[in-house]
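Structure first, commentary second.
Chains as they are written, first to last, in this note's numbering: chain A, 704 to 1028; chain B, 62 to 321.
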């Protein structure tokens, strides 16, 4: 920063001033202006404006810290309660009436089943739908209505999907309270989210790439397959991972379709009953004994690690795609 | 106003002929009843002020307007006596015969080789792909600069090289006609000059229609010039006539630089 202390007020973005995580744009902009005008002298108005900007920055920082502090408190509390249960025994044992014998084998395997099946079912259908909406659908009222509805569906409470799953998969299709019913229900739940993410990724493919491919005599299918999808792939994948990680944490729809909370086996086929981590957590946390509460904390740690791991994976996919450009 | 301009094409068959061609975007007409014939193996420049419809007209010639939502084309474009807008015509096939180069160099985010090979690949080319890529790059005067790094991403090339790569990519499909939409307007003077030299060399084997807002460029490289204004074809004829003794006053006003 040019200029002495008395001449130039230290503007946002100056040395040592805090920056707001997640919003690198704003401080950098004002920092640039401050650097450029450093030697020109500042009127009272600029001083007031800078003060205002600084106040806002501090407020934004406090808001961020509040969120981080809440998360840290939660994690700390969980670690304190749960970490002592995190042994290999905890991962390999089934649920039990005796807290010291109880483990998460059934719900963990159930959750992994749900994750894999949901990804396999939801991602191809969602990408297909997104390709249709972005590349094929005529731009008339019909496509507009579908687009609006998908955005709305992404905001529908998950319990509603649970009721749909119960009526459609468990009863009407006779799939019962099985892991496939659960996966199908979660698939419908995350499909709108994946479709929206995929649409956005497809829309971000530069127009010039499409035009160039069409101008070379490529058919619509060739343009989509050889140019659009490869370029949109990282965006689609990271959106899909985030959506599936959301599904992993869902409890309400699974309770609705009748997932068990106490089973002493893991699903061996699509038609078997199942349980999942959030349900096990809910079950343990609602028991009065303190020991079960600690087990719930340990299970939450596992679930959090799973979700955070997937979020990290999504971030890596995005990052690598950006580097590849 | 539909006017068929008789131009002395030296006995050559027209490679492309527009008849009463109009383009409208959502009801707004941007090309009005244009009729003109493009002689084979010539360079025809489409000039006119911004928004005169020259790019829209160009994009009719390989049915790129099909991709613009709300665009409506009426009239005919004849190519070997066949109307390109006949319902039975497959636009992808049209674009194999009539290639296009865009204003902004737009190579695919792939290797240099894959850029040139894309066209032959999607068109089911069964010959020697390596040779086709080499030939195309040579024709586009780029081979000497990239022959030892064909596997490198096209994004590493300079803007002028990218545009020549786009030309090579278009040539690799084996078109008869090349449509160019201000191909040099985003390049520096040296790179721009190289594109002009290339166009001059290419007209031996191809028919070239080029949109440009650079009148000097049109005068340097084209044999025929069409002047458009407000979507209408004001005047069309040999380039030297258009630039030295145009029939229409509007043409004279434009080419002498009094507006636009």
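The beta-carbon is built from N, C-alpha and C at its ideal position, and this holds for glycine as well. For clarity, every value in this text was computed on a predicted model and none was experimentally measured.
Among residues of its own chain, excluding the 5 on either side of residue 176 of chain B, which ones have a beta-carbon nearer than 7 Å to its beta-carbon?
Cβ within range, chain order: 168, 169, 215, 226 and 230.
Which residues, taken in chain order from the region 865-899 of chain A, show a beta carbon closer than 9 Å to some beta carbon of chain B?
Within the region 865-899 of chain A, no residue has a Cβ that lies closer than 9 Å to any Cβ of chain B.
How would you write the range of the beta strand (DSSP E) that residue 135 of chain B sits in, first residue to last?
Run containing residue 135 of chain B: 132-140, per the beta strand (DSSP E) assignment.
Between which two residues does the alpha helix (DSSP H) containing residue 822 of chain A stretch?
From DSSP, the alpha helix (DSSP H) with residue 822 of chain A extends over 808-834.
What does a CB cutoff of less than 7 Å around residue 190 of chain B pick up in its chain, not counting 5 residues either side in sequence?
So the qualifying residues of the chain are 178 and 181.
In the DSSP assignment, find the alpha helix (DSSP H) that holds residue 174 of chain B and state where it starts and stops.
Bounds of the alpha helix (DSSP H) holding residue 174 of chain B are 173-183.
Name, please, each residue of chain A whose Cβ falls closer than 7 Å to the Cβ of residue 165 of chain B.
Under the 7 Å cutoff, chain A gives 911.
What is the rounded straight-line gap between the Cα of residue 830 of chain A and the Cα of residue 913 of chain A?
So the alpha carbons of these two residues sit roughly 18 Å apart.
Can you give me the start and stop residues for the beta strand (DSSP E) that residue 290 of chain B sits inside?
Boundaries of the beta strand (DSSP E) around residue 290 of chain B: 285-290.
Counting pairs of Cβ atoms below 8 Å between the region 885-897 of chain A and the region 815-831 of chain A, do you hit three or more?
With three or more CB-CB distances shorter than 8 Å, the region 885-897 of chain A counts as touching the region 815-831 of chain A.
Using a Cβ cut-off of 7 Å, which residues of the region 249-276 of chain B contact any Cβ in chain A, in chain order?
Those residues of the region 249-276 of chain B that come within reach of chain A (Cβ to Cβ, closer than 7 Å) do not exist; the list is empty.
Using a Cβ cut-off of 9 Å, pull out every chain A residue sitting near residue 94 of chain B, in sequence order please.
Residues of chain A with a Cβ closer than 9 Å to the Cβ of residue 94 of chain B do not exist; the shortest Cβ-Cβ separation is about 26 Å.
Using beta-carbon positions only, say whether residue 272 of chain B and residue 145 of chain B come within less than 8 Å of one another.
Cβ atoms of residue 272 of chain B and residue 145 of chain B: not closer than 8 Å.
Could you work out which residues of chain A lie near residue 169 of chain B, taking near to mean beta carbons separated by less than 8 Å?
What residue 169 of chain B touches in chain A: 912, 915, 916 and 930.
Below 6 Å CB to CB, which residues in the same chain sit around residue 304 of chain B once its five sequence neighbours on both sides are set aside?
Apart from sequence neighbours up to five positions away, the residues of its chain that approach residue 304 of chain B with a beta-carbon distance below 6 Å are 280 and 316, ordered along the chain.
Taking only the alpha-carbon atoms, compute the straight-line gap between residue 956 of chain A and residue 933 of chain A and give it to the nearest angstrom.
Their Cα atoms are separated by approximately 34 Å.
Rounded C-alpha distance that separates residue 100 of chain B from residue 291 of chain B
Looking at the two C-alpha atoms, the distance is approximately 24 Å.
Proximity test, Cβ basis, 8 Å: residue 941 of chain A and chain D
The question asks about chain D, but that chain is absent: this structure's protein chains are A and B.
Whole angstroms is fine: what's the gap from residue 900 of chain A's alpha carbon to residue 943 of chain A's?
So the two alpha carbons sit approximately 7 Å from each other.
I want to see whether chain A comes within less than 8 Å of residue 184 of chain B, judged by CB atoms only; does it?
At least one C-beta of chain A is nearer than 8 Å to the C-beta of residue 184 of chain B.
Meets three-Cβ-pair contact criterion under 8 Å: the region 779-791 of chain A and the region 996-1015 of chain A
Using a Cβ-Cβ distance cut-off of 8 Å, the region 779-791 of chain A and the region 996-1015 of chain A are in contact, since at least three pairs of beta carbons, one from each stretch, lie closer than that value.
Within 10 angstroms of the Cβ of residue 977 of chain A, are there 16 or more other Cβ atoms? Answer buried if so, exposed if not.
Classification for residue 977 of chain A: buried.
Exposure of residue 980 of chain A, with buried meaning 16 or more beta-carbon neighbours within 10 Å:
It is buried - the Cβ of residue 980 of chain A has at least 16 other Cβ atoms within 10 Å.
When the cut-off is 8 Å and only beta carbons count, does residue 938 of chain A lie next to chain B?
Not closer than 8 Å to any Cβ of chain B, the Cβ of residue 938 of chain A fails to qualify, so no.
Chain B contact for residue 922 of chain A (CB, 8 Å cutoff):
Taking CB atoms only, residue 922 of chain A has a neighbour in chain B less than 8 Å away.
Which residues bound the alpha helix (DSSP H) around residue 898 of chain A?
882-906 is the extent of the alpha helix (DSSP H) around residue 898 of chain A.
Rounded straight-line distance, which links the Cα of residue 860 of chain A to that of residue 868 of chain A
Each residue's alpha carbon lies about 13 Å from the other.
Using the beta-carbon of each residue, which ones in chain B are nearer than 9 Å to residue 1004 of chain A?
Per Cβ cutoff of 9 Å: no residues; residue 1004 of chain A is ~41 Å from chain B at best.
So, helix, strand or coil for residue 302 of chain B, using DSSP?
Helix, per DSSP.
Spatial distance of residue 816 of chain A from residue 896 of chain A (CA atoms):
If you take the alpha carbons of residue 816 of chain A and residue 896 of chain A, they lie about 20 Å apart.
Ranges of the beta strand (DSSP E) found wholly within the region 87-136 of chain B, counting only runs of at least 3
Given a length threshold of 3 residues, each whole run of the beta strand (DSSP E) inside the region 87-136 of chain B is given here in chain order: 89-100 and 104-108.
Can you give me the C-alpha to C-alpha distance between residue 204 of chain B and residue 198 of chain B, rounded to a whole angstrom?
Straight across, the Cα-Cα distance linking residue 204 of chain B with residue 198 of chain B is about 5 Å.
Could you check how far apart the C-beta atoms of residue 836 of chain A and residue 846 of chain A are, in whole angstroms? I think they sit under 8 Å.
The Cβ separation is near 6 Å, so the contact holds.
Beta carbon proximity, residue 179 of chain B to chain A, threshold 8 Å
Output row for residue 179 of chain B: interface = yes.
Counted within 10 angstroms of its Cβ, other Cβ atoms place residue 707 of chain A as buried (16 or more) or exposed
Note that residue 707 of chain A scores a pLDDT of 38, beneath 50, so its modelled location is shaky and nothing firm can be said.
Strictly below 8 Å CB to CB, what residues from chain A border residue 234 of chain B?
Within chain A, the residues near residue 234 of chain B are 919 and 920.
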